[in-house]
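Worksheet: one structure, shown below.
Numbering (this note's numbering), first residue to last: 12 to 151.
Now the structure itself:
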């Protein structure tokens with residue numbers, strides 16, 4: 012997988028609080044962050060909104076701020092699905108979506124996803140290899 016460095020600006024924010032408000036209010040908040048000069052907003056994946064859908068809605072409500080996942084869990088979707096989500100948002104919002112992938116936390120993976128967390132590093136290496144070799148046929 013290749014990537015192009017994004018301009019994240021000098022100031023960004025990571026927040027889970029956007030999930031605690033209706034999406035229209037979250038969009039207003041990110042628009043305001045953009046107007047205040049923030050270059051990026053990082054959104055998590057845990058027990059709130061699905062991060063790719065959230066990113067799409069936040070990106071559609073703004074003009075230049077980068078929306079990044081911090082992080083999207085590799086245990087929440089297959090590597091092929093993760094790759095498709097990333098490529099779809101990158102196509103729709105060039106230079107404005109950044110995919111941060113992580114292994115989450117053992118207790119969350121076991122409780123929420125009912126999956127083993129025995130070797131997260133090895134699992135991540137295999138996951139990224141699968142993403143690198145995945146097929147994506149849409150124009151991106």
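Beta carbons are placed, not taken as given, at the ideal position from N, Cα and C, and that holds for glycine.
If you're wondering where the values come from, they're calculated on a predicted model, not measured in any experiment.
Put residue i into one of helix, strand or coil per three-state DSSP.
| i | result |
| --- | --- |
| residue 108 | strand |
| residue 148 | coil |
| residue 115 | coil |
| residue 78 | strand |
| residue 58 | coil |
| residue 23 | strand |
| residue 66 | helix |
Considering only C-alpha positions, which residue in the set the options is nearest to residue i?
| i | options | result |
| --- | --- | --- |
| residue 107 | 113, 131, 135, 63 | 63 |
| residue 54 | 29, 74, 72 | 29 |
| residue 75 | 86, 33, 126, 44 | 44 |
| residue 135 | 88, 26, 149 | 88 |
| residue 105 | 150, 24, 21, 27 | 150 |
| residue 124 | 70, 36, 57 | 57 |
| residue 21 | 34, 49, 27, 35 | 49 |
So, using beta-carbon positions, are residue i and residue j closer together than 9 Å?
| i | j | result |
| --- | --- | --- |
| residue 78 | residue 18 | no |
| residue 11 | residue 117 | In the structure as shown, the chain begins at 12 and stops at 151. Residue 11 is therefore absent and cannot be evaluated. |
| residue 41 | residue 72 | yes |
Taking all protein chains shown into account, do 16 or more other C-beta atoms lie within 10 angstroms of the C-beta of residue i, making it buried, or fewer, making it exposed?
| i | result |
| --- | --- |
| residue 47 | exposed |
| residue 65 | buried |
| residue 102 | exposed |
| residue 38 | buried |
| residue 52 | buried |
Suppose the cutoff is 7 Å on Cβ atoms and the five residues either side in sequence are ignored; what does the same chain contact list for residue i look like?
| i | result |
| --- | --- |
| residue 110 | 80, 83, 97 |
| residue 60 | 30 |
Whose C-beta lies closer than 6 Å to the C-beta of residue i among residues of the same chain, with five residues either side of it excluded?
| i | result |
| --- | --- |
| residue 91 | 145 |
| residue 141 | 90 |
| residue 138 | 85, 90 |
By Cβ distance below 8 Å, which residues in the same chain neighbour residue i in space, the five residues on each side in sequence not counted?
| i | result |
| --- | --- |
| residue 147 | 94, 95, 98 |
| residue 132 | 114 |
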